[in-house]
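Q: Dropping the structure in here first, questions after.
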Amino acid sequence: MKYKAVRNIRLCTKDCLCLYVCPTGATDTENSIIDVNKCIGCGDCAKACPSGAISMVPQDYPPQQSKEASILSLSHVLTHHKARQEQLAKQLAQTSSSDELYRLMKAFEKSIRLVNEDILRESGYMLPQSTQVHDLLKTWIQDPPLDDFPRDIAQKLLDMIPCNELPVKRYRCKVCGAIFEIKEGEELICPICQATQDQLEIIDF
Ligand code: SF4
Ligand code: SF4
C-alpha cells in the first residue's frame, strides 16, 4: 500500500527536521505544506519529527467489508427515516416561538444527525470511495430523500472521489477446475495453471 505524509500544523514546532531528511523536497515549513505530488511516502519525515506532527496516511484506502443485501436495504430505509426526522426537527426549530423549544429542536436535529451517521458507518458507508456510498448517492440523485437534497453536490462528490472497488467476476478454469475471482480490467488468466481467457468460464456468485 502506498502512503503520503500529512503534517498536523497544530503539533508542528517548525524545527525543520522533516525538511532536512526529505529526499524529494516535498516538505515546506514556510507554508506548512507537504507537496503530495513530490512525496514518495518513504516515511523519513515522520520518523525524524520530534513532535509526532507527521502521519503517514494510505494513498488508496482498502475496499470495505462487503455487506449483505438485506442489511443494506434496511439501512437505506433507516437513514431515509432519520433524514426525514432531522428535517422535521429543523423545521420545528425554525418555526418555534419559544427559545426553549428552539434549543430542544436544534438538539434533536443534531442528535438525529449523529445517530444517522453512526447507522451509515455501521452499514458500510464509512468511506466515500466505497461501492455502497457510490450506489447510495446515485440512488439519491435519481430519487432524492428530501425536497432540498443537494443533487448537484452529490454528483460533484461522485465525480471527485472515484470508486476504489472494481466489479469482480468469478471464473472456473475448464483445464484445472480452479475457481477464482478477477477484478474488471485485470488479466484473464487462471492463477493455478495459467490457462487463458478462452478456457475460463464465468460462474455466478
Ligand atoms: S514521506 Fe518521504 S518523501 Fe514524503 S514528505 Fe516525508 S520524507 Fe519527504
Ligand atoms: S520535523 Fe515535525 S515539528 Fe519539525 S518542522 Fe517538520 S513537522 Fe514540524
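Take any residue in the sequence shown, note its place counting from 1, add 502, and you have its number in my numbering.
The C-beta atom is built at its ideal place from N, Cα and C for all residues, glycine as well.
I think residue 678 touches residue 665, with their Cβ atoms under 8 Å apart; what is that distance to the nearest whole Å?
A: Between residue 665 and residue 678 the Cβ distance is about 32 Å, and since that is not below 8 Å, they are no contact.
Q: Using the Cα positions of residue 636 and residue 517, report the straight-line distance between them to the nearest angstrom.
A: Spanning the two alpha carbons is a distance of roughly 42 Å.
Q: What did DSSP end up calling residue 682 once you bin it into helix, strand or coil?
A: strand
Q: Hey, out of 660, 703, 530 and 539, whose CA is closest to residue 547's CA?
A: Of the candidates 660, 703, 530 and 539, the one whose C-alpha sits nearest the C-alpha of residue 547 is 530.
Q: Just to confirm my understanding: we take residue 633, look at its own chain, exclude 5 residues before and 5 after, and list those with CB closer than 7 Å. What are they?
A: Only 665 and 667 meet the Cβ criterion.
Q: Regarding residue 499 and ligand 2, is the C-beta to nearest heavy atom distance less than 7 Å?
A: The structure shown has nothing for residue 499, since the chain only spans 503 to 707.
Q: Going by beta carbon distance, what residues of the same chain come within less than 7 Å of residue 493, once the five residues before and after it are set aside?
A: Only positions 503 to 707 of the chain appear in this structure, which leaves residue 493 out of reach.
Q: Would residue 628 and residue 560 qualify as a contact pair, given that the criterion is a beta-carbon distance under 8 Å?
A: no
Q: Distance, Cα to Cα, residue 622 vs residue 586?
A: Taking the straight line joining both Cα atoms gives about 15 Å.
Q: Which word fits residue 597, buried or exposed, when buried means at least 16 other C-beta atoms lie within 10 angstroms of its C-beta?
A: exposed
Q: Residue 698 bridges to which residues according to DSSP?
A: 691
Q: If you measure from the CB of residue 525, is any heavy atom of ligand 1 nearer than 7 Å?
A: Checking every heavy atom of ligand 1 against the Cβ of residue 525, one is found closer than 7 Å.
Q: If you follow the beta strand (DSSP E) that residue 675 is in, where does it begin and where does it stop?
A: 670-675
Q: In whole angstroms, what is the alpha-carbon distance linking residue 643 and residue 661?
A: 13 Å
Q: Per DSSP, what kind of secondary structure is residue 532 in: helix, strand or coil?
A: In the structure shown, residue 532 sits in coil (DSSP, three-state: anything other than H, G, I, E or B).
Q: Can you list, in chain order, the residues of its chain with a C-beta nearer than 7 Å to that of residue 608? Leave out the 5 residues immediately preceding and following it.
A: 595
Q: To the nearest angstrom, report how far apart residue 536 and residue 697 are at their CA atoms.
A: Straight-line Cα distance between these residues: approximately 46 Å.
Q: Please classify residue 515 as buried or exposed, where buried requires at least 16 neighbouring CB atoms within 10 angstroms.
A: exposed
Q: Does the Cβ of residue 581 have 16 or more other Cβ atoms within 10 Å, making it buried, or fewer, making it exposed?
A: buried
Q: In or out: residue 522 buried (at least 16 other Cβ within 10 Å) or exposed?
A: exposed
Q: Between which two residues does the beta strand (DSSP E) containing residue 512 stretch?
A: Counting along the chain, residue 512 falls outside any beta strand (DSSP E), and DSSP gives it neither H nor E.
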